[in-house]
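Student: Sharing a structure, written as structure tokens. Questions coming.
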Amino acid sequence: MINATVKESVSLPMTALDETGVFCWNRIGVQGDRSCGRLVEVVHCHNCPIFSHAGRMLFDRAPPEEVLVERTSQTAIRTDRPMEQLNSGLLFRLGEEWLIIDAMSTIEVAELRPIRRIPRRTDAIFLGMVNIRGELRLAFDLHQLLGIAPLQGADRQAGRFVVIRLDRQTWVFPTDEVSAIIRYQHSQETAVPSTLERWKSALVRSVIEWEKKKAGRIDSIELLARLNKHMG
Numbered sequence: 105m106i107n108a109t110v111k112e113s114v115s116l117p118m119t120a121l122d123e124t125g126v127f128c129w130n131r132i133g134v135q136g137d138r139s140c141g142r143l144v145e146v147v148h149c150h151n152c153p154i155f156s157h158a159g160r161m162l163f164d165r166a167p168p169e170e171v172l173v174e175r176t177s178q179t180a181i182r183t184d185r186p187m188e189q190l191n192s193g194l195l196f197r198l199g200e201e202w203l204i205i206d207a208m209s210t211i212e213v214a215e216l217r218p219i220r221r222i223p224r225r226t227d228a229i230f231l232g233m234v235n236i237r238g239e240l241r242l243a244f245d246l247h248q249l250l251g252i253a254p255l256q257g258a259d260r261q262a263g264r265f266v267v268i269r270l271d272r273q274t275w276v277f278p279t280d281e282v283s284a285i286i287r288y289q290h291s292q293e294t295a296v297p298s299t300l301e302r303w304k305s306a307l308v309r310s311v312i313e314w315e316k317k318k319a320g321r322i323d324s325i326e327l328l329a330r331l332n333k334h335m336g
């Protein structure tokens, strides 16, 4: 779920944030007192253009100042050593597992919507086609590729689509929650422990600890290879 509060100025429609930085869906929407007049028309905040706009703004938003201060202190090094490059990734959740995919491969986060099945092609991994901004995109199930059980029912209210582009191919996959764009260094990555059976897939190349969460980093190149092989 997109963070409920922000501490920096974000260019959103006036009704999206109040003076304390609380998003409207947490104040007057489905997660608040439901007093928003738009709910009569859109039924759920996920269907509101303000909510969709906020999802796209996730990729343009700078990290909070305290995060920058913390990361600066963590990455401070002697001037006689080269500065280590920062990498960016989208932190999201499948079932109970946190994962990261390269932010450069990520186009946007969108609300969940119906997926059109393709006769004789749709299966456990290839879900079909989904309409994203008026264009039909291929949808796949990353839960299945990683062997992670998805959440069901009310537990999926925070679910979102993640739209990615890999080698000029656009794909969409559903998640159970999208957190934020994070920045990390290669030195923060550790090998996947042999005890973590759920992450033994070659799709997960390393583990990154972020704000007390252990997240598996997805190998985008391997992911594309798996998808192309599956589609034949």
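Read in order, the letters of the sequence shown correspond to residues 105 to 336 in my numbering.
We treat Cβ as the ideally placed atom computed from N, Cα and C, and that holds for glycine.
Taking 7 Å as the cut-off, is the C-beta of Arg-221 nearer than that to any heavy atom in the ligand HEM?
Tutor: Looking at this structure, you won't find the ligand HEM or any other ligand, since it has none at all.
Student: Between the Cα of Ala-243 and those of Phe-196, Asp-206, Glu-200 and Pro-218, spot the shortest distance and give me the residue it belongs to.
Tutor: Per the Cα distances, Pro-218.
Student: Assign Trp-262 to one of three DSSP states: helix, strand, or coil.
Tutor: Before going on, a small fix: residue 262 reads as Ala here, not Trp. Coil.
Student: List the residues that DSSP assigns as beta-bridge partners of Val-213.
Tutor: Per DSSP, Val-266.
Student: For Arg-131 and Gly-232, what's the separation of their Cα atoms in angstroms?
Tutor: Roughly 35 Å between the two C-alpha positions.
Student: With H, G and I counted as helix, E and B as strand and the rest as coil, what does DSSP make of Pro-153?
Tutor: Helix.
Student: If I measure Cβ to Cβ from Arg-220 and keep anything under 6 Å in the same chain, skipping five residues before and after, which residues do I get?
Tutor: So the qualifying residues of the chain are Gly-232 and Met-233.
Student: If you draw a straight line from the C-alpha of Asn-151 to the C-alpha of Gln-261, how long is it?
Tutor: Distance between the alpha carbons of Asn-151 and Gln-261: 12 Å.
Student: Mapping DSSP to helix, strand and coil, what is Ile-325?
Tutor: In the structure shown, Ile-325 sits in a helix (DSSP, three-state: H, G or I).
Student: Going by beta-carbon coordinates alone, are Met-335 and Phe-265 separated by less than 8 Å?
Tutor: Going by C-beta atoms, Met-335 is not nearer than 8 Å to Phe-265.
Student: Hey, quick one: how far does the beta strand (DSSP E) through Leu-240 stretch, first residue to last?
Tutor: Where Leu-240 is concerned, the enclosing beta strand (DSSP E) stretches over 239-244.
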